[in-house]
Amino acid sequence: MKTVKYIVTILVRELNPVLTFSLIVITVLVIGCSEEIKPSPYTYSQLFSGKNQKTWAFKSIVLWEKGKSDTNLSLISCISDDLYIFYADAEKKYEITNGATKCAADEPDIVLTDTWSFVNGGATLNIVIPFLSDLTLPYIVREVSASNMVLEIFINESNTQSYRMAFQSTSEN
-6 MKTVKYIVTI LVRELNPVLT FSLIVITVLV IGCSEEIKPS PYTYSQLFSG KNQKTWAFKS
54 IVLWEKGKSD TNLSLISCIS DDLYIFYADA EKKYEITNGA TKCAADEPDI VLTDTWSFVN
114 GGATLNIVIP FLSDLTLPYI VREVSASNMV LEIFINESNT QSYRMAFQST SEN
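In this text, residue positions in the sequence shown follow the working numbering: the first is -6, and each later residue adds one.
Here it is, written out as C-alpha cells:
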C-alpha cells in the first residue's frame, strides 16, 4: 500500500502543472455551461391545435371506393359552414360552432363540445364529426399541414370504401 501512495505522490508532483490546468479548464467549462436550456418542443399535435387554438373549416367530402372513380359529395350549407376548433389546453377541448347558416332557428351557436386526441402510431385523430356520427371515431390523418388537413374513415369491414374529408385552417392563435 505504501508503494501505491508513493507512486501517486510522484505522479501528482510530476503532473501538477498539467493537472492544475486541466482542473481549471474543466471548472470553466462546467460553470460556463451551467445555463439551463429550456426547450419548447414542437409537437405534431400543434398542427391541429396551434399553440392555443386553431379553427378549421370544412372544404369537401369524397366517397372513395376501391376500383372506382371518387365521388364528390355535398353537404347542406347549414352543416358545411360549421367551424371545427381544436384547443391546445390540457383537456384538448374540441368545439364545433355554427357557421353563418343554422339548420334550425333555435340551434345553439356551439353545436358540440367534446375532446380530441391524436395517436401518432396509427396516425389517427379521434374526434366527433356530427354529419357522419355522434360518436368519437378514429379518423386516419391522410395529410396535415399548417393550412390543410385530410381525414379518412373506412365505412366497411373490407376497407374498400371510405369517406375522405378535407379541411382548411381559417385562424390560429
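Heads up, the beta-carbon is just placed ideally off N, CA and C, and yes, glycines get one too.
### Message
Going by beta-carbon coordinates alone, are residue 66 and residue 50 separated by less than 7 Å?
### Response
no
### Query
Skipping 5 residues on each side, what residues in its chain have a beta carbon closer than 6 Å to that of residue 126?
none
### Message
On the DSSP letters alone, give me the boundaries of the beta strand (DSSP E) that residue 146 sits inside.
### Response
141 to 147
### Message
I need the boundaries of the alpha helix (DSSP H) containing residue 72, first residue and last residue.
### Response
70 to 73
### Task
Measure the beta-carbon distance from residue 40 to residue 139 and round it to whole angstroms, keeping in mind my assumption that it falls under 8 Å.
7 Å
### Message
Can you find the residues in the same chain that come closer than 7 Å, C-beta to C-beta, to residue 167, ignoring five residues on each side of it along the sequence?
### Response
Residue 167 cannot be examined here, being either before or after the span of the chain that is shown, -6 to 166.
#### Entry: Straight-line Cα distance separating residue 93 from residue 100
12 Å
#### Entry: Spatial distance of residue 16 from residue 144 (CA atoms)
Because residue 16 sits at a pLDDT of 46, beneath the cut-off of 50, its placement in the model cannot be relied upon, and the following sentence gives the value as read from the coordinates. Cα-Cα distance, rounded: 59 Å.
### Query
Given that a residue counts as buried once 16 or more other Cβ atoms are within 10 Å of its Cβ, and exposed if not, what is residue 62?
exposed
### Query
In three-state terms, what does DSSP make of residue 42?
helix
### Query
Which residues bound the beta strand (DSSP E) around residue 160?
154 to 165
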